[in-house]
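In the numbering used here, each residue's number is its place in the sequence shown (first place is 1) plus 55. For glycine and all other residues, C-beta sits at the position ideal for the given N, C-alpha and C. Notes follow the structure.
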Amino acid sequence: MELKFKVSSHISKPVEEVFEAVADPKKLSSYFTTAGAVGRLETGKTVTWEFADFPGAFPVEVVEVETNRRIVLKWDATDGNAAEQGPDNIVLANYQTTVTMTFEPLDGDRTLVTISEEGWHETKGGLEASYGNCQGWSQMLCALKAYIEHGINLREGMYK
């Protein structure tokens with residue numbers, strides 16, 4: 056069984072504004088990367104994302120960016136449930152997964168954002184890691200919606 060998932064959300068803002076809220080590190084740090092993002096998402100760059108719940112900066116390779124349409128990223132996979140192992144004992148695997156974000160403009164200045172991730176090894180650890188990332192991307196979409204539509208940071212104080 057191939058380990059992959061897809062999550063989506065409708066955001067009541069124009070596609071250009073939603074795309075910028077993801078591509079711009081200052082905006083992304085305002086609702087998702089609770090310990091900061093460094094570097095704009097641009098094709099060929101490697102940026103870093105840091106989360107309060109998983110200390111340490113994660114390198115994120117930006118494979119492709121089509122402005123207002125699509126972002127493709129690669130980052131290191133983990134084996135096992137990092138929440139069970141504890142943040143200091145995350146086991147990084149020797150491979151990467153691929154994250155694809157699409158931004159579809161809808162009528163009424165709305166945007167459909169879809170995030171998919173794939174590429175885990177078909178192991179118990181890979182399955183657990185895919186579930187954790189699915190949860191994380193679902194939270195990201197909820198946080199994006201709350202932030203961009205209402206100026207609320209849902210993740211503030213969530214982990215510390």
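- Residue state for Pro80 is assigned as helix, using DSSP reduced to three classes.
- Of the residues assessed, Ile207 falls on the exposed side of the cut-off, its CB having fewer than 16 other CB atoms within 10 angstroms.
- Distances from the CA of Pro114 to each of Asn123, Tyr186, Ala132, Ala201 were compared; the closest alpha carbon is that of Ala132.
- Glu183 sits in a helix when the DSSP states are folded into three classes.
- For Thr101, the uninterrupted beta strand (DSSP E) run begins and ends at 101 to 106, by DSSP.
- Per DSSP, reduced to three states, the secondary structure at Phe87 is coil, with no helix or strand assignment.
- Check the Cα spacing between Val120 and each of Ser185, Glu105, Phe158: the tightest is with Phe158.
- Thr122 is bridged by DSSP to nothing; it lacks a bridge partner.
- Per DSSP, the beta-bridge partners of Ala92 are Trp104.
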